[in-house]
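Numbering (our numbering), first residue to last: 818 to 1078.
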Amino acid sequence: MSKPTPAITLFRGSDTPRQYVWSPFVTKLEFRLRVGGLTYTPACGSPRASPTGQIPYITLTSQDKDGDVKSLGDSTRITQHFIAASALRDLNAGLSAKDAALDVALRCLIEERLNACHGYERWVVNYYTMRDGVLGSIPWAPRVLIGLLAARKNGVKMEAAGLAGLSEEEVFRRVEAVWEVVARLLESARPKREGDGWWVLAGKEPTEADATVFGFAASVMVCGAAGGSKRLLREKFPVIVEWAGWVHKGWFKEYELWKEE
């Protein structure tokens, strides 16, 4: 007899269960769980309670009598855990070698290069908005200290990504280059018939790349410290906003949609 599925609690860093949060990795994981049909309970949590020191993380509570609780962090690691446990299907299992390589390359481009550039926009250009947005529930004095530590940590990531010494304009050009790749893929994958799927690699079903793209697109649309990126998507790459809205209607209907401007 198989064991009951553990109860999943997803810690999103925000006590707003019907709203998107600023972290792209939270929404990436939520997309993955929803597409896979796994239910979860949203909760706030904090980096201090996370096994990786970052948001998101989950707890798995056994529904047996013992009620054991297991914590997991990192959106990719969590997804891999569920795949290994046969709780989620491996979305990339049936991809051709070419599409599998494209999927990995796109995720790396976004989660590493674009993420570092977003860190610059949020933690350097718009530091106070970002700090007070993600740490607003923390009293002012510790918020100042934690904000400085977070900015320093992001500075290390930005330096590792080769952004040290670049101007704001140069960093933004890198942001634009990445989103242009995404926009071209979505334009070429646009369904010819209403009701057909609209996925980044033009397949009938989503891949891991879709989770990443949606997580980052939704993050830009709701983050108060991402004004430049938001204008870029709306004005130059509206297909990305349109696609994100399509995903929202299909899998996040109860969530508040970002404001149409």
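C-beta: ideal position from N, C-alpha, C; glycine also.
Every value quoted in this text rests on a predicted model; they were computed, and no experiment measured them.
- Roughly how many angstroms lie between the CA atoms of Leu-1003 and Ala-922, to the nearest whole one? Distance between the alpha carbons of Leu-1003 and Ala-922 is about 16 Å.
- Task: Using alpha carbons as the reference points, say which of Val-998, Ile-875, Lys-1009, Leu-1049 lies closest to Val-843.
- Result: With distances taken between Cα atoms, Val-843 lies closest to Ile-875.
- Task: Might you give, ordered along the chain, the residues of its own chain that have their beta carbon closer than 7 Å to the beta carbon of Asp-907, omitting 5 neighbours on each side?
- Result: Ile-900
- Query: So, helix, strand or coil for Glu-1071, using DSSP?
  - Reply: In the structure shown, Glu-1071 sits in coil (DSSP, three-state: anything other than H, G, I, E or B).
- Of the choices Pro-841, Ile-963, Thr-893, whose alpha-carbon is the least far from that of Glu-1025? Thr-893
- Other residues of its chain near Leu-851: CB distance less than 8 Å, five sequence neighbours each side excluded: In the sequence on display, residue 851 carries Arg and not Leu. Cβ within range, chain order: Trp-1068, Phe-1069.
- Message: Within a Cβ cutoff of 8 Å, which residues of the same chain sit near Glu-929, ignoring the five residues on either side of it in sequence?
- Response: Ala-978
- Task: Name the one or two DSSP bridge partners that Lys-887 has.
- Result: For Lys-887, which the question treats as bridged, DSSP gives the partners Leu-877.
- Give the range of the alpha helix (DSSP H) segment to which Leu-846 is assigned. 841 to 852
- What three-state label does DSSP hand Ile-825 in the structure shown? strand
- Item | the stretch 1034 to 1042 / the stretch 941 to 948 touching (three or more Cβ pairs under 8 Å) | yes
- Message: Comparing C-alpha positions only, which one of Gly-1014, Leu-952, Tyr-937, Glu-997 sits nearest to Gly-982?
- Response: Tyr-937
- Message: Using CA atoms only, rank isn't needed, just tell me which of Lys-1076, Asn-909, Ala-1061, Arg-1001 is closest to Lys-1021.
- Response: The shortest C-alpha separation from Lys-1021 is found at Asn-909.
- Item | Cβ contact (3+ pairs, closer than 8 Å) linking the stretch 962 to 979 and the stretch 1029 to 1039 | no
- Item | Element boundaries [beta strand (DSSP E), containing Ala-860] | 858 to 860
- Query: Sorted by chain position, which residues of the same chain lie with C-beta nearer than 8 Å to Phe-1054's C-beta, five sequence neighbours on each side aside?
  - Reply: Non-local beta-carbon contacts of Phe-1054 in its own chain, meaning distances under 8 Å to residues more than five positions away in sequence, involve Trp-996, Glu-997, Val-999, Ala-1000 in chain order.
- Where are the alpha helix (DSSP H) runs, 4 residues long or more, that stay fully inside the stretch 898 to 982, in chain order? 914 to 925, 932 to 937, 944 to 951, 957 to 977
- Message: For Lys-1009, count the other beta carbons within 10 Å of its own beta carbon; 16 or more makes it buried, fewer makes it exposed. Which is it?
- Response: exposed
- Give me the Cα-Cα distance between Met-818 and Arg-969, rounded to the nearest whole angstrom. Below a pLDDT of 50, predicted positions are generally treated as unreliable, and Met-818, at 43, falls in that range; the measurement from the model is reported next regardless. Cα-Cα distance, rounded: 50 Å.
- Message: I'd like to know if Lys-845 contacts chain B, where contact means its C-beta is closer than 7 Å to some C-beta of that chain.
- Response: No chain B is present in this structure, which holds just one protein chain.
- Task: Kindly provide the ranges of any alpha helix (DSSP H) runs that are 4 or more residues long and lie completely inside the stretch 1033 to 1077, ordered along the chain.
- Result: 1044 to 1052, 1055 to 1068
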